[in-house]
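Trainee: I'd like to ask some things about the structure below.
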Amino acid sequence: TGQGAHSIAGVSSYCVGNLNIPGYNLPWEDGTFEYPGHLAPPLRICVEASNGASDYGNKYGEPVVHGFCRSFGLRLCSGERVEWVKPIMFSAGIGQMDARHAAKGAADEGMLVVKIGGPAYRIGMGGGAASSRVNDASTAALDFNAVQRGDAEMENRMNRLVRACIEMGIANPIVSIHDQGCGGNGNVLKEIVEEKGANYDIRTVTVGDPTLTVMEIWGAEYQENNALLLLPEHAPLLEQMAQREKCPICFVGSVTNDGKVIVTDSLAGEGEVATPVDLPLSLILAELPPKVFPTTRCLPKALTPLAFPEDLTVTMALDRVLRLLSVGSKRFLVHKVDRSVTGLVAQQQCVGPLQLPMADVAVIAQSHFTTVGIASACGEQPIKGLISSKAMARCTAAEMLTNMMWAKLSHRTDIKASGNWMWAAKLEGEGARIWDACEALKDAFLACGVGIDGGKDSLSMAARVGDETVKAPGMLTLTGYCTCTDVTATVTPDIKEPGQSVLLLVDFGAGNTRLGGCSLAQVFGQLGDESPDLDGAALADLCAVFDIVQGMVGEGRECGLLAGHDRSDGGLATTFLEMAFSGNCGLTLNLDAYSAVVEAARGSAPSAIELLFNEEAGIVVEVAADKAEALVARLTTEGCSRVVRLGETSSSSSAVTVTLNGIDVIKDNVANLRDIWEATSFELEARQRAPACVAMEKEGLKHRTTPTYAMSFTPQQMVLDPSTGLPPQQSSSSPQTPPPAVKVAVLRQEGSNGDREMAAALVAAGMEAWDVTMVDLAAGQVTLDQFQGLVFVGGFSYADVLDSGKGWCGTVKFNPTLQAQFDAFKNRPDTFSLGVCNGCQLMALLGWVPLAAAEQGEKQTRFVENASGKFESRWSSLRVLESPAVLLEGMQGSVLGVWVAHGEGRAHFPDPAVLDDVLTNHQAPLRYADDAGDVTQEYPFNPNGSPEGIAALCSEDGRHLAMMPHPERCFLAWQWPWMPAQVRDGLPPSTGAAGQVAPWIELFHNARRFCEKVRPPLPPRHFESQASSDL
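Going by full-length UniProt numbering, the sequence shown opens with residue 1, and the numbers climb by one from there.
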């Protein structure tokens, strides 16, 4: 938008029909339901659609940090079937832009119209039309013709080009930019020149298929493509930048001033149309009369009160509710998607010592050298909308707010949201229901001081199945976002001080315990007749408590607020159990006080089922025991009158005991209950990972303990400019600035995505990082003899289509000039190299580790597919062993957490003798460790199956280190998703704007120290490559 922006992180979510997992019966799923043959079944969509989205984000280099997942299919008491036969794959992005680039520049005569990104293919034809009607097998050809194709590596290249432009600041050459979407060229090339007009030659558009017709080139909705306006004098610069990023670019036309879009075909032969498009923009982009869809407000359909089995116990209810996809673990989603790339992620989906997926809010930093960032969270409650669309909208708003509550925000009224409506709005009665939901949402947001500033819709959410039209539940998804003033302060759900804390419930439901549209109703194949809701007073309570909690976020033990979690899907039972699961501790709770609050509100005593499974809005907080009384008094006085002490956390036992009126309604072990919560996710995992690995992880989870970390050194503080609290401004050509001690080339290839966080880590340790591409080296613009350090970064060079690192390796080995240059650098005694992830794979293939290539030959050590057969995104433990690795000097004996994100990280030694030599010579300095800190082969502690737990290899002289994990993504304390007190207490105090360093910064300080120790005097040099600027 505007003149360019860049994305930082993503949100991915899925809504599908009944899963019908073979061999895993979920009793509420109706096995008689039929599904159309031209659509993939819900189970396949749930696994494979998330595979595709995850793979795209991994290769593009955008972490997925938030989301949700639902499965629903039910025949209502009216006989109507409601199900996501037509599924939802929802995605959103979090990013930032320079305020100077927020507004698009106006088109002016003579400006060039430029397309950047991937070539046109015969894909996405008629996509807009296909998505705007009820899905039907009779028109399946239209659907298949509308299918689009993603190319994550092209997205990476295109966005690198855009980012290179916007980082020029006021000199940004982009006048206006517009993404290509619905309608393809036929839409974007009209809108980019709105009012003015333009002349285009259709044959200047880059195509990947020479058989495309003019109509197909004009209308195909191929992705990874943008249009932009450019002044003619900036064309050479943009071409040069595009060449450096290997991003296709084509100049398709120029702006006129005649108000018309004219498209010519320069290859038109005799008898063919030479001007296929000649349209006045006034007819296309003018304010047209709105299209009217008549709708009627139908009489409310009969709703039946809930009727549960008379012998239903809390234990029986839990066994079902915890298995529901929307309630249970999302393990099958989070470990296959990169959650750490960019190094800007301060809070992703997983929390606590066991890193279980249940975070309420995502938080990212704006830079590696600030603790200011962005918080984002979703709200969605579609099943409640089948009872009342108004209540659904209010509950959705409440869920979004009770998720956002736990990040340190600039102010509640600064929250904005994107509203996405996915509804069968054209079917009878549905238009009125979505209208009611809009009205309710408007009023709720006005009451809370929250704004909604955008969104999208899909208003044909229905599919024909045989003779029946199956509607999807009307869906409103709110994606909230707000400035986060301190990314280090986020409160997470995991219990922090078992045995020294209590749990409090803050109830925004006015003492109601309505179960209609809740998870409990769904797992008994029912809907109910009364949904949870919030009136004006409840919203006022929510806002008051929100503000109180915001004042406490980041204060920690001082105010007593240790953990917090919203009450939503699954009700109160799920809320406090998830807190116990992630804290790996027991609970002793009593519901009598909560029961008294409900009885006072409605005049009758509630059942344990009502108390534990209603989904009225609320929050549960863990509070230090000595602060609880004061906090209850404050919340009651300033916020909400319904604040209930639930009970205590336990450090001496893993038992969960919940009583009501002296009777145990829950009495079990936290591991047993967690197994039920994980069960459905593990069933899905078994359909995407090696079953043996899944079984090992499932069994091992029962016995997990808090990981044992050890730090054998005190890491050095960041190298900062005392006047700014930031790393020094660096320029090797400035006569006023002495040349830095160490210059490091951060080398990347097409498809790399880990360069910026690597540059940040190097700069934080006092080195000068230079952004160098293989294009720079091949063109001779930069040579490696200018550097003492060389870092091969992570990512997916050439999208790993030739296996990991092989394409990149080929660009060196089959270029004699480059091969000689690389060999010379490797053999210089004053140099070091570091390869991470994809760079690690490359170094092995080049023969830099563990032995020279000539010594290995066909027995070359390399890194191959993970034993799980899947990409692994994990917070793993590494043990640092004695070794010659100069970058790990003084760190031996430590056991530290580290981010892992790779699909091919298993060290493979074709010659067992090489492995023996590596072990004998101590050339495997980093090993995966279990909870006890011992080297392990057990999955998932060892995420890839490497023999002897090998996570890294070094050269015999120790100057070259190749490692699969990512130290550059956790060199700052806020980048760690979990850090025990004994490690945090051993870190130097926070200085400057970047916050506290983490242990892995020592690796980069070691690199600098080595270079300073061994390097000969070097005169200052001038470089034509550009320094990394996101610092």
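Glycine is no exception: its CB is placed at the ideal position from the N, C-alpha and C atoms.
Between the segment 70–84 and the segment 522–533, are three or more C-beta pairs nearer than 8 Å?
Mentor: The segment 70–84 vs the segment 522–533: in contact.
Trainee: What are the start and end residues of the alpha helix (DSSP H) that includes residue 591?
Mentor: Position 591 of the sequence shown, counted from the start, is the residue given in the question as residue 591. Here residue 591 belongs to no alpha helix (DSSP H), and DSSP marks it neither H nor E.
Trainee: So who's on the other strand from residue 178, going by DSSP bridges?
Mentor: Here residue 178 refers to the residue found at position 178 of the sequence shown. According to DSSP, which records beta bridges pairwise, residue 178 is partnered with 227.
Trainee: Based on Cα-Cα distance, which residue from 969, 197, 456 and 455 lies nearest to residue 761?
Mentor: Numbered from its first residue, the sequence shown carries residue 761 at position 761. Comparing Cα positions, the closest option is 969.
Trainee: Would you call the segment 590–599 in contact with the segment 655–672, where contact means no fewer than 3 C-beta pairs closer than 8 Å?
Mentor: The segment 590–599 is in contact with the segment 655–672.
Trainee: Considering only residues of the UniProt domain "PurM-like C-terminal" (498–653), which uninterrupted beta strand (DSSP E) runs meet the minimum length of 3 residues and lie entirely inside it, listed in chain order?
Mentor: If we require 3 residues or more, the beta strand (DSSP E) runs fully inside the UniProt domain "PurM-like C-terminal" (498–653) come out as 501–507, 561–567, 586–590, 618–624 and 643–650.
Trainee: Would residue 261 pass as a contact of residue 220 if the rule is Cβ separation under 8 Å?
Mentor: As a working mapping, residue 261 is identified with position 261 in the sequence shown. As a working mapping, residue 220 is identified with position 220 in the sequence shown. No, these two residues do not count as a Cβ contact at 8 Å.
Trainee: My understanding is that residue 461 touches residue 423, with C-beta atoms under 8 Å, so please give their C-beta distance in whole angstroms.
Mentor: Working through the sequence shown from its first residue, we reach residue 461 at position 461. Working through the sequence shown from its first residue, we reach residue 423 at position 423. About 6 Å; that satisfies the 8 Å criterion.
Trainee: From residue 485 to residue 365, what does the alpha carbon distance come to, in whole angstroms?
Mentor: Taking the sequence shown and counting its residues from 1, the one referred to as residue 485 is at position 485. Taking the sequence shown and counting its residues from 1, the one referred to as residue 365 is at position 365. Whole-angstrom Cα-Cα distance: 10 Å.
Trainee: Can you tell me the Cα-Cα spacing of residue 780 and residue 772, whole angstroms?
Mentor: As a working note, residue 780 is residue 780 in the sequence shown. As a working note, residue 772 is residue 772 in the sequence shown. Residue 780 and residue 772: Cα-Cα distance of roughly 11 Å.
Trainee: List the whole-angstrom C-beta distance separating residue 10 from residue 87, where the pair is believed to meet the contact cut-off of C-beta under 8 Å.
Mentor: In the sequence shown, counting from the first residue as 1, residue 10 sits at position 10. In the sequence shown, counting from the first residue as 1, residue 87 sits at position 87. Rounded, the Cβ-Cβ distance is 18 Å, inconsistent with contact.
Trainee: Should residue 755 go down as buried or exposed, given a rule of 16 or more other Cβ atoms within 10 Å for buried?
Mentor: As a first step, residue 755 must be located in the sequence shown, where it is residue number 755. Under this definition residue 755 is a buried residue.
Trainee: Three-state secondary structure (DSSP) at residue 80?
Mentor: As a first step, residue 80 must be located in the sequence shown, where it is residue number 80. Three-state result, residue 80: coil.
Trainee: Do the segment 294–312 and the segment 429–436 touch if we need at least three Cβ pairs shorter than 8 Å?
Mentor: The segment 294–312 vs the segment 429–436: in contact.
Trainee: Going by the beta-carbon positions, is the gap between residue 397 and residue 495 smaller than 8 Å?
Mentor: Here the question's residue 397 lines up with position 397 in the sequence shown. Here the question's residue 495 lines up with position 495 in the sequence shown. Not in contact: residue 397 and residue 495 (Cβ atoms no closer than 8 Å).
Trainee: Can you tell me which of 394, 549 and 506 puts its alpha carbon nearest to the alpha carbon of residue 539?
Mentor: Here residue 539 corresponds to residue number 539 of the sequence shown, with the count starting at 1. Residue 394 is the option with its Cα nearest to residue 539.
Trainee: From residue 19 to residue 699, what distance separates their C-alpha atoms?
Mentor: For the purposes of this step, residue 19 is identified with residue 19 of the sequence shown, where counting begins at 1. For the purposes of this step, residue 699 is identified with residue 699 of the sequence shown, where counting begins at 1. Roughly 24 Å between the two C-alpha positions.
Trainee: Output the residue ranges of the alpha helix (DSSP H) runs that lie fully inside the segment 228–286 and measure 4 residues or longer, sorted by chain position.
Mentor: Runs of the alpha helix (DSSP H) inside the segment 228–286: 235–245 and 281–284.
Trainee: Below 7 Å CB to CB, which residues in the same chain sit around residue 523 once its five sequence neighbours on both sides are set aside?
Mentor: For this step, residue 523 is matched to residue 523 along the sequence shown. Once the five neighbours on either side are set aside, the close Cβ partners of residue 523 are 28, 320, 321 and 324.
Trainee: I need the boundaries of the beta strand (DSSP E) containing residue 1035, first residue and last residue.
Mentor: The question about residue 1035 has no answer here: the residues shown for the chain are numbered 1 through 1031.
Trainee: Report all residues from its chain with a CB closer than 6 Å to the CB of residue 1034; omit the five preceding and five following residues, and keep chain order.
Mentor: In the structure as shown, the chain starts at 1 and stops at 1031, and residue 1034 therefore has no counterpart that could be examined.
Trainee: At which residues does the beta strand (DSSP E) containing residue 960 begin and terminate?
Mentor: In the sequence shown, residue 960 corresponds to position 960, counting from 1. That run of the beta strand (DSSP E) goes 960–963.
Trainee: On the DSSP letters alone, give me the boundaries of the beta strand (DSSP E) that residue 901 sits inside.
Mentor: For the purposes of this step, residue 901 is identified with residue 901 of the sequence shown, where counting begins at 1. Element bounds for residue 901: 895–902.
Trainee: Please list the segments of the alpha helix (DSSP H) lying wholly inside the UniProt domain "FGAR-AT PurM N-terminal-like" (329–482), counting only runs of 4 or more residues, in order along the chain.
Mentor: Segments of the alpha helix (DSSP H) lying fully in the UniProt domain "FGAR-AT PurM N-terminal-like" (329–482): 331–334, 389–404 and 430–448.
Trainee: Can you tell which of 34, 189, 310 and 69 has its C-alpha closest to the C-alpha of residue 113?
Mentor: As a working note, residue 113 is residue 113 in the sequence shown. The shortest C-alpha separation from residue 113 is found at 189.
Trainee: Examine the Cβ distances between the segment 345–354 and the segment 940–959 and report whether three or more of them are shorter than 8 Å.
Mentor: Segments in contact, no.
Trainee: Classify residue 218 as helix, strand or coil using the three-state DSSP reduction.
Mentor: The count along the sequence shown starts at 1 and reaches residue 218 at position 218. Helix at residue 218.
Trainee: Please determine, among 173, 630 and 536, the residue with the shortest C-alpha to C-alpha distance to residue 558.
Mentor: Looking up residue 558 in the sequence shown gives position 558. Closest by alpha carbon: 630.
Trainee: Judging by CA-CA distance, which residue of 452, 993, 257 and 505 is the nearest neighbour of residue 482?
Mentor: Numbered from 1 along the sequence shown, position 482 holds the residue referred to as residue 482. Cα-wise, what sits closest to residue 482 is 452.
Trainee: Please name the residue or residues paired with residue 669 in a DSSP beta bridge.
Mentor: Counting from 1 along the sequence shown, the entry for residue 669 is found at position 669. Answer is 655, bridged to residue 669.
Trainee: Measure the beta-carbon distance from residue 668 to residue 493 and round it to whole angstroms, keeping in mind my assumption that it falls under 8 Å.
Mentor: One-based indexing of the sequence shown puts residue 668 at position 668. One-based indexing of the sequence shown puts residue 493 at position 493. With 8 Å as the limit, residue 668 and residue 493 do not qualify as a contact, their Cβ atoms being about 20 Å apart.
Trainee: Output needed for residue 549: all residues of its chain with C-beta closer than 6 Å, excluding positions within five of it in sequence on either side, in chain order.
Mentor: Your numbering for residue 549 matches position 549 in the sequence shown. Hits under 6 Å: 405.
Trainee: Of the choices 316, 473 and 412, whose alpha-carbon is the least far from that of residue 388?
Mentor: Along the sequence shown, read from residue 1 onward, the residue named residue 388 stands at position 388. Residue 473 is the option with its Cα nearest to residue 388.
Trainee: For residue 533, does the count of other Cβ atoms within 10 angstroms reach 16, so buried, or fall short, so exposed?
Mentor: By one-based count along the sequence shown, residue 533 stands at place 533. It is buried - the Cβ of residue 533 has at least 16 other Cβ atoms within 10 Å.
Trainee: Write down the C-beta distance between residue 1044 and residue 556 rounded to the nearest angstrom, noting that I regard them as a contact closer than 8 Å.
Mentor: The requested residue 1044 does not occur in the structure, where the chain is confined to residues 1 to 1031.
Trainee: Would you list the residues sitting across from residue 115 in a DSSP beta bridge?
Mentor: Position 115 of the sequence shown, counted from the start, is the residue given in the question as residue 115. The partner list for residue 115 (beta bridge, DSSP) reads 227 and 250.
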